[in-house]
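Data block below; observations after.
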Amino acid sequence: MSDWRPRAAGARVARARLLAELRGFFARRGVLEVETPVLGRGTVLDPAMESWHAQAGDGAGGCMEGWLQTSPEYPMKRLLADGAGDIYQIARVFRGGESGVRHNPEFSLLEWYRLGLDDRTLADEVVTLLQEVSAADPAWHAPDPEPRVVAYPDLLHEALGVDALNDDAARLQAVAAQRGLTVHGELDRDAWLDALVSLCVVPGFPPGRITILHDYPESQAILARRSRERPGCAARFEVYWGDLELANGYFELTDPAEFRRRREQDRARRRARGQPEPAADPFLDAALEAGLPDCAGVALGVDRLLMRLLGEDDIRRVIDFPWGCA
Numbered sequence: 350m351s352d353w354r355p356r357a358a359g360a361r362v363a364r365a366r367l368l369a370e371l372r373g374f375f376a377r378r379g380v381l382e383v384e385t386p387v388l389g390r391g392t393v394l395d396p397a398m399e400s401w402h403a404q405a406g407d408g409a410g411g412c413m414e415g416w417l418q419t420s421p422e423y424p425m426k427r428l429l430a431d432g433a434g435d436i437y438q439i440a441r442v443f444r445g446g447e448s449g450v451r452h453n454p455e456f457s458l459l460e461w462y463r464l465g466l467d468d469r470t471l472a473d474e475v476v477t478l479l480q481e482v483s484a485a486d487p488a489w490h491a492p493d494p495e496p497r498v499v500a501y502p503d504l505l506h507e508a509l510g511v512d513a514l515n516d517d518a519a520r521l522q523a524v525a526a527q528r529g530l531t532v533h534g535e536l537d538r539d540a541w542l543d544a545l546v547s548l549c550v551v552p553g554f555p556p557g558r559i560t561i562l563h564d565y566p567e568s569q570a571i572l573a574r575r576s577r578e579r580p581g582c583a584a585r586f587e588v589y590w591g592d593l594e595l596a597n598g599y600f601e602l603t604d605p606a607e608f609r610r611r612r613e614q615d616r617a618r619r620r621a622r623g624q625p626e627p628a629a630d631p632f633l634d635a636a637l638e639a640g641l642p643d644c645a646g647v648a649l650g651v652d653r654l655l656m657r658l659l660g661e662d663d664i665r666r667v668i669d670f671p672w673g674c675a
């Protein structure tokens, strides 16, 4: 092929520098770097994610099969239950159905867990990481110094007049139509909320500012505890730099029975939408039964962070081998 060259020569050195800065950030805080499998026997059932199924012969006439991981969350929680303490990982992960200027099906994800922190204090640590990393190179862009912190229901009400905890799908669809938003296919309530936030609200975030969005509806946070302050909400947060989502975090759920109940709700949603039902992770239940310590966890897109640091608006300019080139 004539077009064989890798695509991100201009970002190659910056990527190496960023990875070193991230490792330095956690080394200074005594957070242990770990590695977990890319291929697992089970995966998430979140209807918003599509996992990739992999198969191969086992050398004895049988078949081995598994799932490429959408994040290292489940095996990292097994490490936490085994007493690993504060841990982080820079992992390669895979999500189907995601390709474009802000998505690549294979990407780099920074995930970390901190014992004794809740969702609010971990969100503060994410902001500290962004500020420290962006200051490492004078050529890199830096966010505005003061982030905005706002609750999900308050933002929806302020921006669209929506009651995020009580409005039904028909009401949300009507609001979308008023805003000129056309969506093909049938959406449930959570899918309409996602569409309104991502297409009508987030594009209005100031370009240089970090926004921390917290207290998501419980139905959108299978692995987060219930909010202590807001009934109907969960202790989940997202961090945006301008209109680009960088991180998603939780005050982690530790109740195995509640996790199983929510997982079955996700399974039912997948079935109702006609989505495939991948195998559930067979180990996470046992790890939760053994006891997950009080902790908060967050996943941050490394490629997206590199986009912001370099002022790029296309993820393919910071990845040497984007989808279709490997």
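Residues are numbered in our numbering as their position in the sequence shown, beginning at 1, plus a constant of 349.
Even glycine gets a Cβ: it sits at the ideal position worked out from N, Cα and C.
Because the structure is a prediction, the values reported are computed rather than measured.
- Within the region 531–566, the beta strand (DSSP E) runs of at least 3 residues that lie entirely inside it are, in chain order, 559–566.
- Looking only at 426, 364 and 387, the smallest Cα-Cα distance to residue 643 is reached by 426.
- Looking at the backbone, the Cα of residue 459 and that of residue 517 are separated by about 35 angstroms.
- CA-CA distance, residue 523 to residue 555, rounds to 26 angstroms.
- In the three-state reduction of the DSSP assignment, residue 392 falls in the strand class, which pools E and B.
- For the pair residue 448 and residue 454, the Cα-to-Cα distance works out to about 6 angstroms.
- Between the alpha carbons of residue 636 and residue 612 lies a gap of roughly 15 angstroms.
- Using a C-beta cut-off of 8 angstroms, the region 483–494 makes no contact with the region 523–543, since fewer than three inter-stretch Cβ pairs fall below that distance.
- Under the three-state reduction of DSSP output, residue 664 falls in the helix class.
- Distances from the alpha-carbon of residue 546 to those of 605, 580, 575 and 501 put 501 closest.
- Residues of the same chain with a CB within less than 8 angstroms of the CB of residue 430, apart from the 5 flanking positions on each side, are 636, 637, 639, 640, 641 and 642 in chain order.
- Taking 9 angstroms as the cut-off, the beta carbon of residue 417 is found no closer than this to the beta carbon of residue 383.
- Residue 380 sits in coil when the DSSP states are folded into three classes, being neither helix nor strand.
- The beta-bridge partner set that DSSP reports for residue 458 consists of 440 and 650.
- Residue environment: residue 393 is assigned as buried (16 or more neighbouring CB atoms within 10 Å of its CB, all protein chains considered).
- Close CB contacts of residue 444 within its chain, under the 7 angstroms cut and outside five residues either way in sequence, are with 398, 399, 419 and 454 (chain order).
- Beta-bridge annotation (DSSP): residue 586 is paired with 563 and 598.
- A direct Cα-Cα distance of roughly 6 angstroms separates residue 656 from residue 664.
- DSSP places residue 402 in the strand class (E or B) of the three-state scheme.
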